[in-house]
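Residue numbers (full-length UniProt numbering): 1 to 308.
Idealized CB from N, CA, C, for every residue including glycine.
Computed from a prediction, not measured in an experiment: that's the story for all the values here.
One structure below.
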Amino acid sequence: MRNARWHFQTRSSGIKAGQSPLDDATRGTTTHIARVTSRPVPNLIIENETFKAERLIEELSRAGVGCSVDGVTMNNFSYADDMVLLSPSVSGLRGLLKICEDYAKVNGLSYNSKKSEVIVFRGNNKPINFKPCIQLGGTPLKQVAEFKYLGHIVTKRLGDDSDMERERRALSVRGNMLARRFARCMTQVKITLFRAYCQSFYTCSLWTNYTQRAYSALRIQYNNVLRAVLRKPRHCSASAMFADVRVDDFFAIMRRRAASMLCRLVSSTNTLLNTWANKLDSPLWRCWNGAHTGYRRATPRAWFVGPV
């Protein structure tokens with residue numbers, strides 16, 4: 001702003017008769033003023049791109065292709081620049097990809113076919129013996145058995161054992177780091193760090209199809225991490241240890257995460273989330289209710305992704 005004030009003062013001394021100072025200053029300092037007052041410009045660009053992305057989502061939603069849940073068609077899930085397309089048939093998926101390709105061509109964009117993958121969800125006791133040829137921009141997409149979307153692992157059997165193993169490994173790394181680097185800290189400091197780094201359990205409220213082995217392995221790892229942080233013997237009682245330091249145990253955390261997810265789902269204004277909130281017979285509702293009633297099923301029924 002100081003440079004702009006100096007520029008206006010120096011330019012105003014050479015104004016001709018009958019000429020407005022604003023005309024001369026504006027004609028000579030358009031670029032400089034744009035630099036000073038260019039803060040809203042990126043916001044306008046972001047809003048324009050967001051509007052274009054919303055148009056793509058609306059066009060995909062109107063395609064009439066996807067998986068129906070209580071009469072609501074779900075075929076695309078987007079977050080930032082990541083998108084998942086869902087279709088019960090190969091031809092439907094190709095139609096959705098065609099819409100995305102046309103959108104990218106009009107807006108001068110290009111999809112990364114190397115990072116794009118295809119996964120085929122198999123039904124119960126139904127092996128998949130074919131590999132559909134799905135192309136994006138003329139490049140065949142790789143078919144995988146599992147992929148990671150926003151940090152959550154999705155498998156072709158829609159099981160959560162792989163995602164639980166991911167969280168167990170991450171918990172082990174964080175716990176070992178706390179036990180080594182903060183070994184000489186006070187107990188209250190260790191407890192605060194433990195709550196901050198070891199109680200997140202990312203996407204644990206979405207775990208509905210898992211085995212008792214994976215569930216118990218994560219619970220035991222959680223107990224052992226607190227033992228290592230507090231330097232407790234491995235044979236000490238876990239329930240007594242959590243009660244002494246007033247820290248939530250594994251089951252309490254799962255109940256809290258389920259309640260938090262349930263509240264956010266019910267109060268959401270999103271159409272797709274409202275559909276799941278009103279579907280009381282879904283696996284999510286069964287697992288959330290089971291977490292609070294004490295009913296824990298080792299292998300809940302897998303989701304049926306397809307026309308309902």
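Could you give the DSSP three-state label for residue i: helix, strand or coil?
i	result
Thr211	coil
Tyr222	helix
Cys204	helix
residue 321	Because residue 321 is not part of the residues shown, which for the chain are 1 to 308, the question remains open.
Lys232	coil
Tyr111	coil
Val144	coil
Thr275	helix
Ser61	helix
Leu136	strand
Phe77	strand
Does the beta-carbon distance from residue i to residue j come in below 7 Å?
i	j	result
Arg168	Gln212	no
Leu218	Met164	yes
Asp70	Lys279	yes
Ala258	Ala291	yes
Tyr210	Asp160	yes
Ser142	Glu117	Residue identity check: residue 142 is Lys in the sequence provided, not Ser. In this structure, Glu117 lies closer than 7 Å to Lys142 by Cβ.
Val72	Thr275	yes
Gly175	Ala240	no
Asn75	Leu56	no
So residue i is in the alpha helix (DSSP H); what residue range does that whole segment cover?
i	result
Asp161	Asp161 to Arg181
Phe242	Ala238 to Val245
Tyr103	Val90 to Val106
residue 309	What is shown of the chain runs 1 to 308, which leaves residue 309 out entirely.
Val266	Phe250 to Val266
Thr293	Pro283 to Thr293
I'd like the span of the beta strand (DSSP E) that includes residue i, first residue to last.
i	result
Val69	Cys67 to Val69
Ile153	His152 to Thr155
Is the shortest distance between the beta-carbon of residue i and the beta-carbons of chain D less than 7 Å?
i	result
Lys232	Note that chain D does not occur in the displayed structure, where there is just one protein chain.
Q) When the Cβ atoms of the region 85–101 are set against those of the region 50–67, are three or more pairs found closer than 8 Å? A) yes
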